[in-house]
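Peer 1: First the structure, which I've put down as structure tokens, then a few questions once you've had a look.
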Amino acid sequence: MDLNNKSILITGGTGSFGKAFVKRVLNEWPNIERLVVYSRDEQKQFKMEQEFPRKKYPMIRFFIGDVRDYSRLKRALNGIDYVIHAAAMKHVHIAEYNPDECVKTNIGGAENLVRACLSNGVKKVVALSTDKAAAPVNLYGATKLVSDKLFIAANNIKGANPITFSVVRYGNVMGSNGSVIPFFLKKRKEGVLPITNPNMTRFTITLDDGVDMVLHALEHAWGGEMFIPKIPSYRIMDVAEAIGPECEKKIIGLRPGEKIHEEMITSSDSFYTYDLGKYYTILPSQHMWNLEDYLDHFNAKKVELGFRYNSGENDDWVSVADIRKLIREHLEPDFSV
Numbered sequence: 001m002d003l004n005n006k007s008i009l010i011t012g013g014t015g016s017f018g019k020a021f022v023k024r025v026l027n028e029w030p031n032i033e034r035l036v037v038y039s040r041d042e043q044k045q046f047k048m049e050q051e052f053p054r055k056k057y058p059m060i061r062f063f064i065g066d067v068r069d070y071s072r073l074k075r076a077l078n079g080i081d082y083v084i085h086a087a088a089m090k091h092v093h094i095a096e097y098n099p100d101e102c103v104k105t106n107i108g109g110a111e112n113l114v115r116a117c118l119s120n121g122v123k124k125v126v127a128l129s130t131d132k133a134a135a136p137v138n139l140y141g142a143t144k145l146v147s148d149k150l151f152i153a154a155n156n157i158k159g160a161n162p163i164t165f166s167v168v169r170y171g172n173v174m175g176s177n178g179s180v181i182p183f184f185l186k187k188r189k190e191g192v193l194p195i196t197n198p199n200m201t202r203f204t205i206t207l208d209d210g211v212d213m214v215l216h217a218l219e220h221a222w223g224g225e226m227f228i229p230k231i232p233s234y235r236i237m238d239v240a241e242a243i244g245p246e247c248e249k250k251i252i253g254l255r256p257g258e259k260i261h262e263e264m265i266t267s268s269d270s271f272y273t274y275d276l277g278k279y280y281t282i283l284p285s286q287h288m289w290n291l292e293d294y295l296d297h298f299n300a301k302k303v304e305l306g307f308r309y310n311s312g313e314n315d316d317w318v319s320v321a322d323i324r325k326l327i328r329e330h331l332e333p334d335f336s337v
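Mapping of the sequence shown onto UniProt numbering: residues 1 to 337, in sequence order.
Printed below as a string of structure tokens:
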């Protein structure tokens, strides 16, 4: 895919994913026409502008705005070719305590973005999802499930508009804001690592692999797919051992809305799930293209009925040594225990 001479907008662009995506795009496509970082946090935008100054990167634009604000979104999307939707309220316990705010951002914001993209001549939209949207037990996951449905269904209401909407769903991003590894790295200085449940597992993906996946969807999506990566899991006790082997592991109990294991594909999804090799894809029950043509084009293989993709049942695990290596590669080069 060639993004030179294209215009891209990323909502929530000052977050961990947004910064990684912007860095990749600027490095690989120096002749991109315009790259718009859209977010509501002026302090994060101020800091990010120091990392990507306009003198060096004249194609970048920092656009203050909220996905809740339809008119602002519509203005920002003028002349944009591709949209990456990363804006969301993501903290599970904060969403549980502030449900109306989570709904306004994650559902209302998704609806606003769909409408604004349909009205502005945008060509492709890729929305970021989460494993918590599969069989959700918390409000964050439930709102992201609705968001996913809105983006997928948008392909059915576009009429003659050539735009495509697709979704990528993946697990915990290693080192992202609020994730467990940076939290444990900080807490180990106190000598105590709080563990909600010792049996807990999670999927894990690096920021770079998350960016790869979004670029894959941007290039290959036909419209309506949900892409899921084949990624490893970790055990929370292995993370604790990797970071603070000498620390006390204090069991504090599950937080509101937390699962022991996460799923990215449920058994009910298996009716529409196909193996693409590097990724799985959940195809929409209604699509605007020929299914046989799609399967032939991507050499897609149907998964077995009843198949599910669960972090506790994964075949691929990162070890204690793997976790330490990943920390040195992606977070703290001088990390040692």
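Beta carbons: idealized from backbone N, C-alpha and C, even for Gly.
1. For residue 193, which residues in the same chain have their Cβ closer than 6 Å to its Cβ, ignoring the five residues on either side in sequence?
2. In terms of residue numbering, what span does the alpha helix (DSSP H) encompassing residue 184 cover?
3. Could you tell me the distance, in whole angstroms, from the CA atom of residue 136 to the CA atom of residue 324?
4. DSSP on residue 313, reduced to helix/strand/coil?
5. When DSSP labels each residue in this structure, what does residue 216 get in the three-state scheme?
6. Note down the Cα distance separating residue 251 from residue 319, rounded to an integer number of angstroms.
7. How should residue 79 be labelled, buried or exposed, when 16 other C-beta atoms within 10 angstroms of its C-beta is the threshold for buried?
8. How do the segment 95–107 and the segment 145–157 stand: do at least 3 beta-carbon pairs fall below 8 Å, yes or no?
9. Nearest to residue 225 by CA position, among 51, 195, 167, 274, is which residue?
10. Which value, in whole angstroms, describes the spacing of the CA atoms of residue 133 and residue 117?
11. What are the boundary residues of the beta strand (DSSP E) that includes residue 308?
12. What are the partner residues of residue 209, as DSSP defines its beta bridges?
13. Evaluate residue 46 with the Cβ neighbour count: other Cβ atoms within 10 Å of its Cβ, from every protein chain shown; 16 or more gives buried, anything less gives exposed.
14. Taking only runs that begin and end inside the segment 221–265, name each unbroken alpha helix (DSSP H) of 4 or more residues, in chain order.
15. Could you pull the DSSP bridge partners for residue 287 from this structure?
16. Give me the DSSP bridge partner(s) of residue 128.
17. For the alpha helix (DSSP H) holding residue 100, just list the boundary residues, first then last.
18. Going by C-alpha distance, which of 310, 24, 219 is nearest residue 57?
19. From residue 326 to residue 33, what does the alpha carbon distance come to, in whole angstroms?
20. Would you kindly work out how many angstroms separate the C-alpha atoms of residue 203 and residue 40, rounded to a whole number?
21. What are the boundary residues of the beta strand (DSSP E) that includes residue 344?
22. From what residue to what residue does the alpha helix (DSSP H) around residue 320 run?
23. Quick one: grab the DSSP three-state call for residue 3.
24. Rank 19, 227, 139, 305 by C-alpha distance to the C-alpha of residue 98 and give the top, closest one.
25. Can you give the beta carbon distance from residue 122 to residue 77, rounded, assuming they're within the 8 Å contact cut?
26. Please specify which runs of the beta strand (DSSP E), each continuous and at least 3 residues long, are wholly inside the segment 74–124, giving them in chain order.
27. Does the segment 173–180 come into contact with the segment 216–232, if we say contact requires no fewer than three beta-carbon pairs (one atom in each stretch) closer than 8 Å?
28. Would residue 92 be called buried (16 or more neighbouring beta carbons within 10 Å of its own) or exposed?
Peer 2: Reading off the structure:
1. Only 184, 187, 240, 244, 247, 249 meet the Cβ criterion.
2. 180–187
3. Spanning the two alpha carbons is a distance of roughly 31 Å.
4. Coil, per DSSP.
5. helix
6. 21 Å
7. Counting the other CB atoms within 10 Å of its CB gives residue 79 a total below 16, which places it among the exposed residues.
8. yes
9. 167
10. 23 Å
11. Looking at the DSSP string, residue 308 is not in any beta strand (DSSP E), and its letter there is neither H nor E.
12. Bridge partners of residue 209: none, in fact.
13. exposed
14. 236–243
15. When DSSP reads this structure, residue 287 sits in no beta bridge, so it has no partner.
16. 168
17. 99–103
18. 24
19. In this model, residue 326 and residue 33 are separated by some 34 Å (Cα to Cα).
20. 29 Å
21. An answer regarding residue 344 cannot be provided, because it is not within the stretch 1 to 337 covered by the chain.
22. 320–330 is the extent of the alpha helix (DSSP H) around residue 320.
23. coil
24. 139
25. 6 Å
26. 82–85
27. At 8 Å Cβ cutoff, the stretches do not touch.
28. buried
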